[in-house]
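Here's the structure we're looking at; comments come further down.
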Amino acid sequence: MIRDITIGQFYPADSILHRLDPRVKFIGTFLFLISLFVADSFWGYALATVFLAAAIGLSKVPVKFMLKGLKPLFIILLITVLFNLFLMPGEVLWSAGFLKITREGVVQAVKIGIRLIYLVIGSSIMTLTTTPNQLTDGMEKILAPLNKIKVPVHEISMMMSIALRFIPILMEETDKIMKAQIARGADFESGNIIQRAKSMVPLLVPLFISAFRRADDLAMAMEARCYHGGDNRTQMKPLVYHRRDYAAYVISVLYLGADIALRVFL
Amino acid sequence: MSLRLEHVTYTYSPGSVYETHALKDVSLEIPSGQFLGVIGHTGSGKSTLIQHFNGLMRPTVGTVYYKGEDIWQEGYSLKRLRSQVGLVFQYPEHQLFEADVLSDVCFGPKNQGCSKEEAEERAVRALQQTGLKEKYYKSSPFELSGGQKRRVAIAGVLAMEPEVLILDEPTAGLDPKGRDEILDQIAWLHTERNITVILVSHSMEDIARYVDRILVMNKGEKAFDGKPEAVFSHYRELEEIGLAAPQITYIMQALRKAGIPADTSAITVKEAKESILKALGRTKHD
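Listed below in structure tokens is the structure:
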């Protein structure tokens, strides 16, 4: 149930996308997200579709696995699409009472729908092909210049990697506590909203306690190994660009360029 | 007969790269009143197995019967099943949540629909059975020591008065004294209340002297199933799957090899002593 969320989940496979430098994937994804908001015409979307399909193909991650990540976002998607569909002023196609669907509304709803779906899939590809550690390493490197203006880049990225590392642990913990309470007759599914909120107490209290306990243990373990922040800290596996990384940069930039060209000239 | 598994297979994340068979075609019958020990290495499927007993996990293939009824048939009340088959998870103290010990133990009976008075009555009885002193009943469960917390958590399941009690590594992380106290308490419950007990452990030593029967799991399959003596006689095969027979078994086997006709089925130190003395032709008082 909670295991369905694929954002932030790594899918082990041996593909060109898995081997790319995390910085490339990060920037590539960012460029792709920009392109989604630049694209406004049919051809723009077609180009984005081709780019996304190619990335999915190269990643060797099953499409089914990626679509699963959309499930929890379905409600948000539905609300956004419906709002756009019904609340857009313009040429009326259909109306019933205060609800009316306009031509502009339909177009806008479809566009927003596609954008949101591509956005989620696009970022899923990055997280599915990059381990959380690589991801934060890449982030740290990209943001390193901010160190000059006293932004604690290393600390932020360390916090991020710890947070990411804890997601599966806490999910497992939730599962375990839930089962233990179900074994004691707890009921998490029936009842009205107040009863349900109340029934979460036996789950949340132990979960918080365990999160604090784990945080405490981790802090202690880090200090025991003389962790003192990012100053003069070197890496065991420093990130190095290869030829394929430069190629990927070129492709992403060309793609965004083509997308902008379509917007401007078509 | 109380619990029966027929050709149960359980697969984690079927159809993905993470696909693993946690259980492979396990068939099993546990008559009521038995004291069963389940032993296996980490990842052998023992925790998955016990979660099938009270319907927390649904077999991918196969059927689970409780008192002859298929627990996954339409209309079967899993809630009722869970109040009859009590399951104490590993590190059960991690599930405590109430402000005081007594209300935490009341959680189970209240979910069963007991009145406040009845729930408290049951809670007190359960706490007495686990041997927690009365002065702790009103203190916060988080102020107690590890062993005391565990007693509270076990009482939380006992208060539901189950017919079958399953405990997953109830002694993990306890010191030897705490371990013996908890195991003695469980053995006492088994004889006193005549309930079926299923005890999961990875240490033969711990459970050998309590159980009537041992089930050894390996890689999701039944490796051995039988009386402790019979299982321990396979000590070489047990070593191959990363387990060991109790130390006494090794001593007795070594003695036998050395030409002393010691009884290799001895499990406790007391039994071993008697059998060695007998083999040497002496009586106890020599």
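First to last, the sequence lines map onto chains L and C.
Note that the UniProt record's numbering has the first sequence beginning at 1, numbered continuously upward.
Note that the UniProt record's numbering has the second sequence beginning at 1, numbered continuously upward.
Note that beta-carbon positions come from the ideal geometry of N, C-alpha and C, so glycine has one too.
Top-ranked residue by Cα proximity to residue i, from the options
| i | options | result |
| --- | --- | --- |
| G220 (chain C) | C:L199, C:P59, C:Q73 | C:P59 |
| I16 (chain L) | L:D40, L:L146, L:I56, L:M200 | L:I56 |
| V8 (chain C) | C:S2, C:Q51, C:T171 | C:Q51 |
| D168 (chain C) | C:G40, C:I195, C:I260 | C:G40 |
| G97 (chain L) | L:F86, L:K64, L:L31 | L:F86 |
| Q181 (chain L) | L:Q235, L:V205, L:I142, L:R263 | L:V205 |
| K270 (chain C) | C:M252, C:I260, C:A258, C:R256 | C:M252 |
| D21 (chain L) | L:T136, L:A197, L:M160, L:N147 | L:T136 |
| F107 (chain C) | L:D187, L:R233, L:Y249, L:R19 | L:D187 |
| L174 (chain C) | C:G146, C:L215, C:A159 | C:G146 |
| F166 (chain L) | L:L146, L:G138, L:R214, L:V253 | L:R214 |
| E118 (chain C) | C:M160, C:K46, C:A254, C:G75 | C:M160 |
| F97 (chain C) | L:I260, L:K198, L:V61 | L:K198 |
| A13 (chain L) | L:V50, L:K60, L:K25 | L:K60 |
| I186 (chain C) | C:V197, C:K177, C:V216, C:Q112 | C:V197 |
Outcome for residue i when other beta-carbon atoms lying within 10 angstroms are tallied against a minimum of 16
| i | result |
| --- | --- |
| R3 (chain L) | Any reading at R3 (chain L) is ruled out, since the residue's pLDDT is 49, under 50, leaving its predicted position unreliable. |
| M57 (chain C) | buried |
| R23 (chain L) | buried |
| D286 (chain C) | Note that D286 (chain C) has pLDDT 48, beneath the 50 cutoff, so the model's placement of it is unreliable and the number below is only indicative. Looking at its Cβ environment, which holds fewer than 16 other Cβ atoms inside 10 Å, D286 (chain C) is exposed. |
| I194 (chain L) | exposed |
| R103 (chain L) | exposed |
| T264 (chain C) | buried |
| A22 (chain C) | buried |
| Y136 (chain C) | buried |
| A208 (chain C) | buried |
| T6 (chain L) | In this prediction, T6 (chain L) has a pLDDT of 47, which is less than 50 and means its spatial position is unreliable; nothing more can be read from the coordinates. |
| A155 (chain C) | buried |
| S124 (chain L) | buried |
| M1 (chain L) | Reliability fails at M1 (chain L), whose pLDDT of 38 lies under 50, so the model's placement of it is uncertain and the value that follows must be treated cautiously. The residue is exposed, with fewer than 16 neighbouring Cβ atoms inside 10 Å. |
| E32 (chain C) | At residue 32 (chain C) the sequence reads Ser, which differs from the Glu that was named. Flag for S32 (chain C) reads exposed. |
| G191 (chain L) | exposed |
| R82 (chain C) | buried |
| I177 (chain L) | buried |
| P162 (chain C) | buried |
| V250 (chain L) | exposed |
| C114 (chain C) | buried |
Three-way DSSP call (helix, strand, coil) for residue i in this model
| i | result |
| --- | --- |
| M66 (chain L) | helix |
| W94 (chain L) | strand |
| K110 (chain C) | helix |
| G45 (chain C) | coil |
| Y91 (chain C) | coil |
| T9 (chain C) | strand |
| T268 (chain C) | coil |
| P59 (chain C) | coil |
| A262 (chain C) | coil |
| V66 (chain C) | The sequence shown places Tyr at residue 66 (chain C), not Val. Three-state result, Y66 (chain C): strand. |
| S123 (chain L) | helix |
| T129 (chain L) | helix |
| E29 (chain C) | strand |
| T102 (chain L) | strand |
| T171 (chain C) | coil |
| T196 (chain C) | strand |
| L239 (chain L) | coil |
| R225 (chain L) | coil |
| R19 (chain L) | helix |
| K133 (chain C) | coil |
| T191 (chain C) | helix |
| H234 (chain C) | coil |
| K176 (chain L) | helix |
| N84 (chain L) | helix |
Per DSSP, cross-strand counterpart(s) of residue i
| i | result |
| --- | --- |
| F224 (chain C) | C:V216 |
| H21 (chain C) | C:T11 |
| V85 (chain C) | C:V164 |
| S201 (chain C) | C:I39 |
| R4 (chain C) | C:E29, C:Y65 |
Quiz item: With contact counted as at least three CB pairs below 8 Å, one residue from each stretch, are the stretch 59-73 of chain C and the stretch 237-257 of chain C in contact?
Solution: no
Practice problem: Assess, as a yes-or-no matter, whether the stretch 132-152 of chain C is touched by the stretch 177-193 of chain C under the definition of 3 or more beta carbon pairs within less than 8 Å. | Solution: yes
Exercise. Flag this pair as touching only if the stretch 187-196 of chain C and the stretch 217-234 of chain C have three or more C-beta atom pairs under 8 Å; answer yes or no.
Key: no
Quiz item: On the three-pair Cβ rule with 8 Å, is the stretch 24-33 of chain C touching the stretch 243-253 of chain L?
Solution: no
Quiz item: Are the stretch 30-41 of chain L and the stretch 101-121 of chain L touching by the rule of at least three beta carbon pairs closer than 8 Å?
Solution: yes
Quiz item: Given 8 Å as the limit, is there contact between the stretch 155-167 of chain L and the stretch 43-54 of chain L, that is, 3 or more CB pairs closer than that?
Solution: no
Quiz item: Any contact of the stretch 216-223 of chain L with the stretch 104-120 of chain C, i.e. 3+ C-beta pairs under 8 Å?
Solution: no
Practice problem: State whether the stretch 223-241 of chain L contacts the stretch 132-147 of chain L, with contact taken as three or more CB pairs (one from each stretch) at a distance under 8 Å. | Solution: yes
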